[in-house]
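Numbering (the working numbering), first residue to last: 1 to 283. Shown next, in structure tokens, is the structure this report addresses.
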């Protein structure tokens, strides 16, 4: 009897462990069903054309949301609902459950790859500077800014450009966090910063729209790497990420991916020439 009772208890414990082990995977697999019932996916964006944009009517566009919207449609989720966020707040917001995905030009870095579940690459770009005409301080790299004690750089808070400037040795008090592109351009025009840094396509879009003959662009920034983003999902939502990747691969293969992103100036070939695994391992 004692042996029989012990075996029953062991079987019960094994069953409980099996249920516990299966629960995260089950929750993960149910995420897509939840989004289908919800009718939309909540995405974080930065309102930084051409990566992301919000029109005066509130309509969300840009290369990243357009790709995400199409993929979610194919997965049975009819639409996306976007909220604008600073780059540094995107991952905490995702982890806190305020977003279902980030589709915002959030470039893959090892530390970000450890915090979120990225899709395969979507948008790739290099870095650029907007500065006064003639580049009076001769700023062609982040190191140039670090070496000039009078030079101040504006960059998105928590973004790649802020990190590159700090890593190059620019003191914290000369790296000015800027909330959006229009603010950065205005600060440059007013002389409160000497250079504003964003990805090449974002800077070109900003400067072209401003049509200010006193502003010019340096691109690409010397010594700065080329980065690629992907849609970012919460750790634990890998099944949703994998389903997203399946549709993304189909779109890359069919040419529809190129039709969406290339009118914005991005290269489909660049995104298809690398992988999440390579980008997440890059130093």
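The C-beta atom is built at its ideal place from N, Cα and C for all residues, glycine as well.
Output needed for residue i: all residues of its chain with C-beta closer than 8 Å, excluding positions within five of it in sequence on either side, in chain order.
i          : result
residue 39 : 77, 78, 79
Which residues mark the beginning and the end of the alpha helix (DSSP H) in which residue i is found?
i           : result
residue 132 : Residue 132 -> not in any alpha helix (DSSP H); beta strand (DSSP E) instead, spanning 127–132.
residue 216 : Careful: residue 216 lies outside any alpha helix (DSSP H), inside the beta strand (DSSP E) at 215–218.
residue 122 : Here residue 122 belongs to no alpha helix (DSSP H), and DSSP marks it neither H nor E.
residue 147 : 142–147
residue 160 : 160–167
residue 271 : 268–272
residue 281 : 276–281
Compare the Cα-Cα distances from residue i to each of the options and report the closest residue.
i           : options            : result
residue 202 : 105, 214, 42, 81   : 105
residue 132 : 41, 197, 45, 51    : 197
residue 189 : 154, 168, 218      : 154
residue 259 : 112, 141, 62       : 62
residue 66  : 150, 251, 174, 182 : 251
residue 136 : 158, 148, 181, 127 : 148
residue 41  : 59, 53, 51, 82     : 82
residue 232 : 124, 164, 187, 95  : 95
residue 138 : 161, 173, 115, 218 : 218
residue 74  : 60, 243, 49        : 243
residue 207 : 48, 238, 257       : 48
residue 173 : 152, 53, 97, 134   : 152
residue 134 : 213, 255, 273, 253 : 213
residue 68  : 249, 33, 178       : 249
residue 204 : 33, 274, 126       : 126
Using a Cβ-Cβ cut-off of 6 Å (strictly less than) and excluding sequence neighbours within five positions of residue i, which residues of its own chain qualify?
i           : result
residue 210 : 185
residue 223 : 141
residue 245 : 119, 120
residue 143 : 168
residue 178 : 154, 184
Beta-carbon separation of residue i and residue j under 8 Å?
i           : j           : result
residue 145 : residue 103 : no
residue 262 : residue 268 : yes
residue 241 : residue 119 : yes
residue 193 : residue 176 : yes
residue 220 : residue 128 : yes
residue 90  : residue 276 : no
residue 181 : residue 87  : no
residue 230 : residue 71  : no
residue 130 : residue 200 : no
residue 124 : residue 227 : yes
residue 265 : residue 50  : yes
residue 239 : residue 31  : yes
residue 237 : residue 64  : no
Output the boundary residues of the beta strand (DSSP E) element that contains residue i.
i           : result
residue 112 : Unbroken run through residue 112 is the alpha helix (DSSP H), 110–115; no beta strand (DSSP E).
residue 89  : Not the beta strand (DSSP E): residue 89 falls in the alpha helix (DSSP H), residues 87–95.
residue 42  : 40–45
residue 156 : 153–156
residue 79  : 79–84
residue 67  : From DSSP, residue 67 is part of no beta strand (DSSP E) but of the alpha helix (DSSP H) over 63–74.
residue 178 : 175–178
Residues in its own chain within less than 7 Å of residue i by CB, not counting five upstream and five downstream?
i           : result
residue 93  : 44, 85, 99
residue 36  : 76, 77
residue 278 : none
residue 225 : none
Segments assigned beta strand (DSSP E), at least 3 residues, entirely inside the stretch 189–255:
Those beta strand (DSSP E) runs which fall completely within the stretch 189–255 and span 3+ residues are 195–199, 215–218, 232–234.
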